[in-house]
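Following: one structure in structure tokens, then a few remarks.
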Amino acid sequence: MDKVTKKNLEYLINRKDNQYEVVIGLEVHAQVLSESKLFSTSATKFGAEPNTQVSLVDAAFPGMLPVINEFCVKQAIKTGIGLNAKINKRSVFDRKNYFYADLPQGYQISQFKDPIVGEGKVILDMPDGQKEVGIERLHLEQDAGKSIHDLDPQNTFVDLNRSGVALMEIVSKPDLRSPDEVSAYIKKLRSIMRYLGTCDGNMQEGSLRADVNVSVRTKGSKEFGTRCEIKNVNSIKFMQMAIEYEANRQVDLIEEGKSIDQETRLFDTKKNETRSMRSKEDAHDYRYFPDPDLLPLEVSDDFVNELKNDIPELPDDKKKRFIDEFKLSPYEATILVSDIDTAKYFEEVVAKMGKNKDIKLAVNWITGELFAVLNNKNLEISQSPVSAKNLAILVNLIKNGTISGKIAKTIFELMLDGDKDPQKIVEEKGLKQESDPKAIEALIDKIINDNREKAIEYKQGKEKLFGFFVGQAMKASGGKANPQLINEILKKKLQ
Amino acid sequence: MSDITKQSLTELVKNIKSKKLSSTDVTKAFIERSEKSKELNAYITEDFKSALNKAKKFDQKPNLDLKLPGIPMAVKDLFCTKNIKTTAGSKILNNFVPTYESTVTENIWNEGAILLGKLNCDEFAMGSSNETSFFGNVQNPIDKNLVPGGSSGGSASAVAGQLTPITIGTDTGGSIRQPASFTGIVGLKPTYGSCSRYGIVAFASSLDQAGPMAQNVKDCALLQEVISSYDPKDSTSIDFKRNQYSKELTNNIKGKKIGIPKEYRVDGMPKEIEDLWQKGIQYVKDCGAETVDISLPHTSYALPTYYIVAPAEASSNLARYDGVKYGFRAKGENLIDMYEKTRSEGFGAEVQRRIMIGTYVLSSGYYDAYYLKAQKVRKLIKNDFDDAYKKVDAILTPSTPSSAFKIGEKTDDPVSMYLNDIFTVPVNLAGLPGISIPAGHDSNGYPLGLQIIGKAFDEQNILNIAFAMEEKINFKNKITDWWIK
Amino acid sequence: MSIDLKTIKHISKLSRISVDEKRAQKLAGDLNSIFDFIEKLNELKTDNVKPLTSVAVTTLRLRPDEVKSKNIREQIVKNSPQDNEDYFVVPKVIE
């Protein structure tokens, strides 16, 4: 890695003569993809009517008891494997005790001392090279319900649909140093979990959110500064804004000779600032203890190995394979693997292109035309109006000279409406490229004949006129003539 | 038939099966006696009308293959019963009507029994005298102004007073065995994991067990057979082979080795308890069993351990009573104010005391010194029993260090109240089965009990020993019906 | 050891049970006598003892991922102290 480049990309906060480094650790809460909740049999679907997915267990009725969902355990272990982490064969569920309107039991079942997954790591692809971020742990816990404060001036309304849904809390080491790294980290986690099918990563629906721990220190210092925890930030943009604000706030305090209080803060998205949540502080004694309604969770080697065998190719491996097998650049490979659906789409295009394929061309079409359309229409690639199969046909038509790149763009536009087969469009609209040298020669002969004076001027040295002849030939062929052949034949004729 | 309520469960079942009695006859008799026994204050909720209807319905198409055919019974108000108010003896659940049924009561109804009503108990089962109930204290049928013990005080009083032929209680530190001993009846606390905890208002999850209370050992065995089941809805329910306890019941205990733990000879224990114990030792010998002196060295640490573990779990289990979802709610300015007022007004003094103890021992800085320490000592206590059971098949001890005391006698001194459970608590901490059987009377004529502690899942063995001893003891409870005017 | 009024206030806050001065005094007395009795545990050396959290001789059973509990909103909100067909309603939360 080039040292100078790295230095330029470093995220530092400058004040007078001082430079500050920002240290960030994340506690990501990822909703486990499962049909039913972690300790109850109610549904987990997003967007249901309030309190319609609430069982007696979720609402903590007297005498109700938790029974753990095997699939959620498997999902957590799979995620652990995806994070290259140690899987703990024995883990313990603890109660985290606190009172809140949307916490019906008066405690959250979580894992405190003995999480299901231990240390691991993820690799980030940053513009200046790769960066490894340590994972401290991953544990399973229950989500809380939702308090709604704006339906009534005097009252708060509580919806317990989310209460008891399984979450994975993924705790990173304080290895992140900039808002960009945080963004890359979240995207990478999201990507891994989507590959594994353990979390849909949908941040709008709250399936992925994070508590952000921020501290600052003078550049070069080995000691950590006092950190503040910004609670429950639910978009990458807000995380970045919150970090930026918070880091600057802390630096300002240090510069003013003041101390930083270790505290929990809230990011106000409207005012773009973080605020102390001091009211919550005095009750911050969670009195963790092992949940006596549950026994220690023990999983066998076989159980874990079976899950290991079930792990699909993950983004890092896929990227490596794309580079080796398809000779893609690391940049192209990174783009294509970052989202599982994009990777799937790409691989399907490659498969459908058959033997004589031009992978580079396919990549260009996916990351160029297709991405532009998706972006414009605000669609996911899984909702792409053009199927992988038809895009493969289109790329093949270009590759084998049936159509020109220019015509291909016209055809692509037509394909958007109902995923039309490009081959059929070519036939119906007669857009097949003219690649018969004799036909093109005849066409060129006529043009030269009609523009004799220009032909002479060209021969006398006015080379710019070559473009004129190409344009005329294209026009005469209705844009269908093979441009390469036009070039070749024109050159020969105008000599 | 005026003597119906004097009949044991076994007799009633026999008479119903042979059609000498109908369920309606039996149900009516217990309702009538219950109506006359209001002074005992054994019931919190009566469901007599509907019980009678159910009995009539049963009689129209009696299924006599069931184990409890048309048998009326009242249950401790800690078991959630569908559409019947369930209070746990607390103001905070004063108006709570479950929409679901506990597994244990479900098992009972499935065998043909009929609910008479819900029985009084200490608030959230926290107490040893039934004096902490929001619904008032319960009288012991043995004598006026005598506590029936607790927390299953209403249950004990109802069985001893013949308001119900049998009942179920719950036992966290002695709540079945101590009141059974105080009222002259039989009470069994099964092995932890034998009876499902699903639908039972929780006190201390790692200790709570439901169990039967009855006039005699055989009735107790039959009821245990009905209530014990493996339940996937309770993660601590254990899937083991359950006996047909009443069918397999035998008085042949020849050659059984019975341990006599020296640590149960505590300072200040009345001589009559010691004498009773010696009598018990003689009885088991008379039955052909052998007694062996054993040591359970950590016995005296059981009560302090219990008073950390149980309140810690309770402080968390009772957090759900916050006025949000069900039960009592006090008016509050805001959410926190509502919580604090609801819980302050909704819980009684003893429950508040235990929540405070539990909160304290789990709080930051004290966890290791108290909670963790207690869990370690709990391990030592369990080890004591494991060691003892290498040498003996069961252990014989007194059930309580004294006979029943007067109402109000110990309410101002929590520690002396807690000492009531000194012989019963170790059994809960180790998760073992224990049975209390009436074995004699003190100088006042108050009943005294002996406790037989078994190996885990060995209920059959302690029931057999109790059954054999019961024959020898030939105990007669001195019920004068003093409360019936 | 001694539990003072400040500690009582703190644990009453944590356990969300309001206590007035008189009650706090009484609780302090009670808790002190109970903890005097609990202190007996300090006689034992337990450094090498593994804590026992459950006597149940089994490991955690895992249930299949199936939705069995349907929409029972009516039952769920039926017992709630403040009537509302859809939600639990509590006094305003002050952040």
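One line per chain: the protein sequences are Z, R and E, in this order. Each residue of the first sequence is one higher than the one before, counting from 25 in this note's numbering. Each residue of the second sequence is one higher than the one before, counting from 78 in this note's numbering. Each residue of the third sequence is one higher than the one before, counting from 23 in this note's numbering. Just so you know, even glycine gets a beta-carbon here, dropped at the ideal spot from N, CA and C.
For VAL401 (chain R), the residues of chain E that pass the 7 Å Cβ criterion are PHE110, VAL112, in the order they occur in the chain. Per DSSP, reduced to three states, the secondary structure at SER393 (chain R) is helical. Listed in chain order, the non-local C-beta contacts of LEU321 (chain Z) below 8 Å within the same chain comprise ILE92, VAL97, ARG114, SER115, VAL116, PHE117, ILE140, local neighbours out to five positions each way being set aside. In this structure, DSSP gives PHE482 (chain R) a state outside helix and strand, which the three-state scheme calls coil. Straight-line measurement puts the Cα of GLU337 (chain Z) at about 52 Å from the Cα of TYR383 (chain R).
Taking C-beta atoms as the reference points, GLU51 (chain Z) and VAL195 (chain Z) count as a pair closer than 8 Å. SER323 (chain R) and PRO475 (chain R) have their C-alpha atoms some 24 Å from each other. Interface criterion met: the Cβ of ASN101 (chain E) is under 8 Å from a Cβ in chain R. Assignment of LEU145 (chain R) by DSSP, reduced to helix, strand and coil, places it in the coil class. For VAL469 (chain R) against GLY336 (chain R), the beta-carbon gap comes to about 4 Å, under 8 Å, which counts as contact. Considering only E:LEU84, E:ARG95, E:SER37, E:ALA78, the residue with the shortest C-alpha distance to ASP82 (chain Z) is E:ARG95. Using a Cβ-Cβ distance cut-off of 8 Å, the region 52-66 of chain Z and the region 56-76 of chain E are not in contact, since fewer than three pairs of beta carbons, one from each stretch, lie closer than that value. Judged by DSSP in its simplified three-state form, GLU123 (chain R) adopts strand. For GLU390 (chain R), a Cβ of chain Z is located within less than 8 Å of the residue's own Cβ. Using a Cβ-Cβ cut-off of 8 Å, SER167 (chain R) does not count as an interface residue toward chain Z, since no Cβ of chain Z sits closer than that to its own. Comparing alpha-carbon positions, the option among R:LYS549, R:PRO225, R:ASN172, R:ARG455 lying closest to ASN197 (chain R) turns out to be R:PRO225. Distance between ARG39 (chain Z) and LYS197 (chain Z), taken at the CA atoms: about 27 Å. Of all residues in the region 310-324 of chain Z, the ones placed with a Cβ closer than 8 Å to any Cβ belonging to chain E are ARG311, PRO314, PRO316, LEU318, LEU319, PRO320, LEU321, GLU322, in chain order.
DSSP places GLU116 (chain R) in the helix class (H, G or I) of the three-state scheme. By the criterion of a C-beta distance shorter than 8 Å, GLU422 (chain R) is surrounded in its chain by LYS168, PHE405, ALA407, once the five residues flanking it on both sides are discounted. Looking at the backbone, the Cα of LYS486 (chain Z) and that of ILE471 (chain Z) are separated by about 17 Å. When Cβ pairs closer than 8 Å are counted between the two stretches, the region 164-176 of chain Z is seen to touch the region 130-145 of chain Z, the count reaching three or more.
Residue environment: GLU88 (chain E) is assigned as exposed (fewer than 16 neighbouring CB atoms within 10 Å of its CB, all protein chains considered).
For ILE219 (chain R), not one C-beta of chain E is nearer than 8 Å to its own C-beta. Minimum Cα-Cα distance from MET301 (chain Z) among the listed residues Z:THR103, Z:LEU318, Z:ILE254 corresponds to Z:ILE254. At least one C-beta of chain E is nearer than 8 Å to the C-beta of ASP183 (chain Z). Three or more Cβ pairs closer than 8 Å define a contact, and the region 24-32 of chain E falls short of that threshold against the region 408-416 of chain R. Within the region 80-93 of chain E, the residues whose Cβ lies closer than 9 Å to any Cβ of chain R are, in chain order, THR80, LEU82, ARG83, ARG85. If you keep only unbroken alpha helix (DSSP H) runs of at least 4 residues inside the region 421-503 of chain R, you get 426-439, 450-465, 491-495. Closest option to TYR269 (chain Z), judged by alpha-carbon separation, among Z:ASN296, Z:LEU290, Z:ASP325: Z:ASN296.
Bridge pairing for LYS170 (chain Z): Z:ASP183 [DSSP]. For TYR360 (chain R), the enclosing alpha helix (DSSP H) covers residues 348-363.
Between the region 337-353 of chain R and the region 514-523 of chain R there are three or more inter-stretch CB-CB distances shorter than 8 Å, so the stretches are counted as touching. Contact between the region 431-449 of chain R and the region 27-47 of chain E is present: 3 or more CB-CB pairs across the two stretches fall below 8 Å. Secondary structure at THR327 (chain R): coil, using DSSP grouped into helix, strand and coil.
A direct Cα-to-Cα measurement between ASP344 (chain R) and PHE482 (chain R) gives close to 18 Å.
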